[in-house]
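Counting in the numbering used here, the sequence shown runs without a single skipped number right up to 420 at its last residue.
Yeah, the Cβ is synthetic: ideal placement off N, Cα and C, and Gly gets one too.
Note that this is a predicted model, so its numbers are computed, not measured.
Beneath this line is the structure, given in structure tokens, with notes to follow.
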Amino acid sequence: MSESEKRDEFPLYLNRKASTVVVRENGKIFIKEGGAMTEPQEVKKTPDISELSKSVAAEIAAKPQSAGNGGGKDAAGNIDKIRDLIFGNQMQDYEKRFGRLEERMFKEMTDSKSESKKNFDSLEKYLNKEIEMLKDRISQEQNTRTEAFKELSRQLKDTTRSFEKKIDSMGDQFNESSNDLRQQISDLSLSLRNDVRQKYEEILYAIEQTADELRTNKVDRSALSGLLSEMAMRIANDRT
Numbered sequence: 181m182s183e184s185e186k187r188d189e190f191p192l193y194l195n196r197k198a199s200t201v202v203v204r205e206n207g208k209i210f211i212k213e214g215g216a217m218t219e220p221q222e223v224k225k226t227p228d229i230s231e232l233s234k235s236v237a238a239e240i241a242a243k244p245q246s247a248g249n250g251g252g253k254d255a256a257g258n259i260d261k262i263r264d265l266i267f268g269n270q271m272q273d274y275e276k277r278f279g280r281l282e283e284r285m286f287k288e289m290t291d292s293k294s295e296s297k298k299n300f301d302s303l304e305k306y307l308n309k310e311i312e313m314l315k316d317r318i319s320q321e322q323n324t325r326t327e328a329f330k331e332l333s334r335q336l337k338d339t340t341r342s343f344e345k346k347i348d349s350m351g352d353q354f355n356e357s358s359n360d361l362r363q364q365i366s367d368l369s370l371s372l373r374n375d376v377r378q379k380y381e382e383i384l385y386a387i388e389q390t391a392d393e394l395r396t397n398k399v400d401r402s403a404l405s406g407l408l409s410e411m412a413m414r415i416a417n418d419r420t
């Protein structure tokens with residue numbers, strides 16, 4: 181395959197977004213937009229080179245050939261003329277088409293870039309809004325939990341303070357009751373002690389009197405026994 185044929189088969193332009201493909205193959209241009217190219221579309225048929233060559237050769241043969249530099253210039257001019265006849269109009273048409281394609285691709289790229297930027301800005305605003313809402317929600321939840329913790333701590337302190345007051349009150353009542361009980365026991369003990377001392381003194385006095393009477397009157401044994409029995413009964417009654 182020659183180098184010119186390789187150039188003819190190389191894709192000239194490919195737009196990924198619009199799927200526009202321009203292919204030059206066997207002297208023909210194929211343009212397809214929007215998806216895969218199922219069938220080649222011929223833009224403009226290439227003039228038959230053999231016919232053009234024959235017409236140009238006849239025209240050259242009809243003209244007299246010049247010698248020297250003039251002949252070389254005529255040959256160069258003939259070559260340019262042949263090139264213009266074969267490719268001139270077609271290349272102009274290609275350039276126009278390529279220019280329109282380039283403008284359209286540039287416009288599509290610009291629109292795509294603008295739309296992408298617009299979508300990105302919209303997404304960024306949405307994300308920022310969601311983040312702010314989430315931050316507010318978290319802050320509100322944190323404040324609510326903080327207030328609940330403060331309330332619970334306050335209730336716990338109040339309960340502890342009330343419990344301590346009750347304990348102190350019970351301690352004071354116990355101390356007061358204990359002091360009263362001690363005082364009652366002390367008073368009762370003193371009273372019993374006084375009663376015992378008094379009874380002891382009374383009994384002692386009665387015994388002394390009885391002894392004096394015995395010494396003076398010499399009472400018989402039966403009377404003494406009755407007297408002692410009576411004293412014993414008195415002592416027993418006093419104890420109960």
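task: Look at MET413 and ILE387 and say whether their C-beta atoms are less than 9 angstroms apart.
output: no
message: I'd like to check one pair, ILE365 with ILE415: are the Cβ atoms closer than 9 angstroms?
response: no
Chain-order list of residues whose beta-carbon lies under 7 angstroms from that of LEU407 (same chain, five-residue window excluded): THR390
message: Extract the residue ranges of the alpha helix (DSSP H) inside the segment 308-338, only unbroken runs of 4 or more that lie entirely within it.
response: none
task: Compute the Euclidean distance between the alpha carbons of SER319 and MET313, then round it to the nearest angstrom.
output: 10 angstroms
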